[in-house]
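Residue numbers (the working numbering): 12 to 230.
Note that the Cβ used here is the ideal one computed from N, Cα and C, for glycine as well.
Because the structure is a prediction, the values reported are computed rather than measured.
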Amino acid sequence: MGIIISVMGIDGCGKSTLSIPLAENISSYEKSTINTWATLKPVLLKPVILLTKFLFVRKHNKFDDYDKHIKAKNAGVNKLKFTHKIYFMVMLIDYIPQAFFKVTLPKMLGKYVICDRYYHDLIIDYAITISLDSKKISPYIKIAEFFVPKPDLQYYLHVESETSLSRKDDIPSIAYLEQRKSYYDYLAEKLDIKKLSGEDTADINCQHIINDLKKRNLL
């Protein structure tokens, strides 16, 4: 049986940059590894997403004015509160098969699965989409864990929003990052997820994870 290593955090925190040397390092111990982007790629949910964008935010591009975009989005989703649970169920139905092939099956085959995002990131995205308070997301995490395996090791790659913004050119605004960061900060504290500094190099953070694997006799 393999293991799951999950790394979560806001855009630009360094998840993808960390996963490459981590996989190489674990492989050097003669372990079969796989890197996977393990959040949702919408299929069933895609038409719903396109429709809601058309209805509520087509006149408010988030790269032009993020504040107006988020206000228009929130006003729209608040009108559709009765659909939020349906949206969640469809999202899970969409996600579970993807998670099985990306994460569950490789673990069953004995691989060390490194998840660049996982179901925690998906639930945070869902909470932001429906304007759900960060303190109310725990039940949704538990529901997801009924269908997909928990990570054996989990990390929150913590970084300042200004650093993330300087690393990527496809982030609409610092407000976009701050909103997401507040959810990640809360979830990391609530679930006691180990923090790594996204300000450090990937090699430093990689070594932290390797040390944790050795402490648990997983390497």
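Compare the C-alpha of residue i against each of the options and name the closest.
i, options, result
"residue 169", "44, 229, 192 and 41", "192"
"residue 205", "21, 173, 194 and 220", "220"
"residue 162", "117, 108 and 97", "117"
"residue 6", "135, 48, 226 and 143", "The question about residue 6 has no answer, for the chain in this structure spans 12 to 230."
"residue 32", "200, 218 and 225", "218"
"residue 51", "103, 95 and 28", "103"
"residue 211", "23, 94, 184 and 79", "23"
"residue 89", "185, 174 and 141", "141"
"residue 225", "28, 40 and 35", "40"
"residue 54", "207, 153 and 108", "108"
"residue 106", "222, 198, 160 and 75", "160"
"residue 67", "87, 222 and 213", "87"
"residue 29", "75, 70, 213 and 92", "213"
"residue 58", "201, 101, 153 and 227", "101"
"residue 95", "157, 143, 156 and 110", "143"
"residue 157", "35, 201, 110 and 227", "110"
What's the gap between the Cα of residue i and the Cα of residue j?
i, j, result
"residue 216", "residue 178", "18 angstroms"
"residue 147", "residue 139", "11 angstroms"
"residue 37", "residue 113", "18 angstroms"
"residue 17", "residue 164", "6 angstroms"
"residue 84", "residue 120", "42 angstroms"
"residue 151", "residue 134", "7 angstroms"
"residue 174", "residue 149", "28 angstroms"
"residue 93", "residue 227", "45 angstroms"
"residue 77", "residue 180", "15 angstroms"
"residue 97", "residue 91", "11 angstroms"
"residue 207", "residue 136", "21 angstroms"
"residue 56", "residue 222", "39 angstroms"
"residue 203", "residue 155", "18 angstroms"
Could you tell me which residues DSSP pairs with residue i in its beta bridges?
i, result
"residue 206", "167"
"residue 145", "Residue 145 pairs with nothing; no bridge assigned."
"residue 123", "14 and 44"
"residue 19", "167"
What does a CB cutoff of less than 7 angstroms around residue i pick up in its chain, not counting 5 residues either side in sequence?
i, result
"residue 122", "13, 43, 44 and 45"
"residue 229", "14"
"residue 115", "159 and 160"
"residue 197", "145 and 146"
"residue 201", "149"
"residue 34", "44, 46 and 125"
"residue 199", "167 and 206"
Residues in the same chain with beta-carbon distance under 8 angstroms from residue i, minus the five sequence neighbours each way, listed in chain order, please.
i, result
"residue 20", "26, 167, 168, 169, 170, 195 and 209"
"residue 172", "21, 185, 188, 189 and 192"
Given residue i, which residues of its chain have a CB within under 6 angstroms of its CB, disregarding the five upstream and five downstream residues?
i, result
"residue 73", "80 and 183"
"residue 176", "182 and 185"
"residue 99", "none"
"residue 71", "79, 80 and 83"
Would you call the region 60 to 71 and the region 122 to 135 in contact, with 3 or more CB pairs under 8 angstroms? Not touching, per the Cβ criterion.
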